[in-house]
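J.: Have a look at this one.
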Amino acid sequence: MSRSRPELQRWAGRFLGDLDPQARAAVLSLGRGDAIAAGGPVVNVAGQVVVLLSGWVKVTASAETGRSFMLAIHHAGEVVDVDALAAQGGAQVTAGALTLTRRIPAAGFAEVLAAHPSAREAHCRAQCALLRDATRQWITGLAPVAVRVARTLLKLCRGFGGRRDTAGRVVIPLSQPEIAQLADASLPAVHRALTGLQDTGVLTLRRRAIGVVNLPALVAAAGTGAPLAAHEAELPDYCPGCPRPPASGGRATPAPLDRGTEEAV
136 MSRSRPELQR WAGRFLGDLD PQARAAVLSL GRGDAIAAGG PVVNVAGQVV
186 VLLSGWVKVT ASAETGRSFM LAIHHAGEVV DVDALAAQGG AQVTAGALTL
236 TRRIPAAGFA EVLAAHPSAR EAHCRAQCAL LRDATRQWIT GLAPVAVRVA
286 RTLLKLCRGF GGRRDTAGRV VIPLSQPEIA QLADASLPAV HRALTGLQDT
336 GVLTLRRRAI GVVNLPALVA AAGTGAPLAA HEAELPDYCP GCPRPPASGG
386 RATPAPLDRG TEEAV
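Residue numbers (the numbering used here): 136 to 400.
Pasting the structure below:
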């Protein structure tokens, strides 16, 4: 199954983009396709692996206190393991935009991983990335709120790097409460941090949209020279037991996302 260049660019640096053509065709031949409107549930049947073809989804969970947390955001080309999320205690996955998926039985997905080394290695790298991101999130949680917000925005810039306004600036399609969930901070504290970044010309704030005006200034606000950031930088970008992705010696930067599926936020 051949794929168009925009699709391959959209998946660059993610699970589907790391596969060789044969492994990618094997994965995409399984299960069934599904289109999920913004806000719709993505995970509803156990024993499935959901592969995201376009759009993006958010993973949220509630603590015993009733407070909601956003655990992760997954983009086109990535895999959502339904059973792994169920083991985390009722995590919910909802579409952040119109999202096209491939719902694959977990057993069939495991057979493809066993038969195709590139799929097995890409999946291992993806799982390593999830663990690395969780560790970085924990480390970032020790920093002041303003630093946590800036680091959260930097991570989101990488995921939404292809979503830009007419001036070419990255636009993050999340609300301030969602940023607060990701940064694990109170909404008033996050609002103060975001307003401060806007007042200094780093960001523009709109309803469910944050525009990054000055990326170098955002990097500086994230405190990349601080000890906590140094510990984050020491985390590996790939699984030590698997070959690195070809060419660059590291994960490729995801290419622009499909604006047609990203506009419905």
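From the three backbone atoms N, C-alpha and C, an ideal C-beta is built for every residue, glycine too.
Give the C-beta separation of Leu-353 and Leu-288 to the nearest angstrom, bearing in mind that I take them to be a contact with Cβ-Cβ under 8 Å.
T.: For this step, residue 353 is matched to residue 218 along the sequence shown. For this step, residue 288 is matched to residue 153 along the sequence shown. Confirmed, Cβ separation roughly 6 Å.
J.: In angstroms, rounded to a whole number, what distance separates the CA positions of Leu-143 and Asp-218?
T.: Here residue 143 refers to the residue found at position 8 when the sequence shown is read from its first residue. Here residue 218 refers to the residue found at position 83 when the sequence shown is read from its first residue. So the two alpha carbons sit approximately 27 Å from each other.
J.: What residue ranges within the segment 144-190 form continuous alpha helix (DSSP H) runs of no fewer than 4 residues, ordered along the chain?
T.: Entirely contained in the segment 144-190, the alpha helix (DSSP H) runs reaching 4 residues are, in chain order, 150-153, 156-163.
J.: Lys-193 bridges to which residues according to DSSP?
T.: To locate residue 193, count along the sequence shown from 1; it is residue 58. For Lys-193, which the question treats as bridged, DSSP gives the partners Ile-208, Thr-229.
J.: Apart from the five residues just before and just after Val-282, which ones in its own chain have a Cβ nearer than 7 Å to its Cβ?
T.: As a working note, residue 282 is residue 147 in the sequence shown. Cβ within range, chain order: Ala-357, Gly-358.
J.: Are the beta-carbon atoms of Leu-235 and Asp-169 separated by less than 9 Å?
T.: Counting from one through the sequence shown, the residue named residue 235 turns up at place 100. Counting from one through the sequence shown, the residue named residue 169 turns up at place 34. Yes. Within cutoff.
J.: Could you give the first and the last residue of the continuous alpha helix (DSSP H) run that contains Thr-301?
T.: Counting from 1 along the sequence shown, the entry for residue 301 is found at position 166. It is not in any alpha helix (DSSP H) - Thr-301 carries neither H nor E in the DSSP assignment.
J.: Mind the definition here: the segment 342-350 touches the segment 309-328 only if three or more C-beta pairs lie below 8 Å; say whether that holds.
T.: Contact holds: three or more Cβ-Cβ distances are below 8 Å.
J.: With DSSP run on the structure shown, which of helix, strand or coil describes Thr-339?
T.: Reading the sequence shown from its first residue, position 204 is the one you call residue 339. Strand.
J.: Have a look at Ala-242 and Pro-156 and give me their C-alpha separation to the nearest angstrom.
T.: To locate residue 242, count along the sequence shown from 1; it is residue 107. To locate residue 156, count along the sequence shown from 1; it is residue 21. Going by the C-alpha atoms only, they are around 21 Å apart.
J.: Go to Asp-334, then tell me how far its beta strand (DSSP E) extends in each direction, as first and last residue.
T.: Numbered from 1 along the sequence shown, position 199 holds the residue referred to as residue 334. No beta strand (DSSP E) holds Asp-334; the alpha helix (DSSP H) holding it covers 322-334.
J.: Are the beta-carbon atoms belonging to Val-184 and Val-228 less than 9 Å from one another?
T.: Against the sequence shown, residue 184 aligns to sequence position 49. Against the sequence shown, residue 228 aligns to sequence position 93. No, they are not a contact pair.
J.: Could you check if Gly-303 is buried or exposed, using at least 16 other CB atoms within 10 Å of its CB as the buried criterion?
T.: Stepping through the sequence shown from its first residue, residue 303 is reached at position 168. Per the 10 Å Cβ criterion, exposed.
J.: Can you give the Cα-Cα distance for Leu-165 and Arg-238, rounded to whole angstroms?
T.: Indexing the sequence shown from 1 puts residue 165 at position 30. Indexing the sequence shown from 1 puts residue 238 at position 103. The alpha-carbon atoms of Leu-165 and Arg-238 are separated by roughly 8 Å.
J.: How many Å lie between Arg-202 and Ala-196 at the Cα?
T.: In the sequence shown, the residue the question calls residue 202 occupies position 67. In the sequence shown, the residue the question calls residue 196 occupies position 61. Spanning the two alpha carbons is a distance of roughly 9 Å.
J.: Determine whether the beta carbon atoms of Ala-261 and Val-214 lie at a separation below 9 Å.
T.: Locating residue 261 in the sequence shown gives position 126, counting from the first residue. Locating residue 214 in the sequence shown gives position 79, counting from the first residue. In this structure, Val-214 lies closer than 9 Å to Ala-261 by Cβ.
J.: For Pro-389, count the other beta carbons within 10 Å of its own beta carbon; 16 or more makes it buried, fewer makes it exposed. Which is it?
T.: By one-based count along the sequence shown, residue 389 stands at place 254. Residue confidence for Pro-389 is low, a pLDDT of 44 falling below 50, so the modelled location carries little weight and cannot support an answer.
J.: Where does Leu-309 sit, in a helix, a strand or coil, going by DSSP?
T.: In the sequence shown, counting from the first residue as 1, residue 309 sits at position 174. Leu-309: coil per DSSP, three-state reduction.
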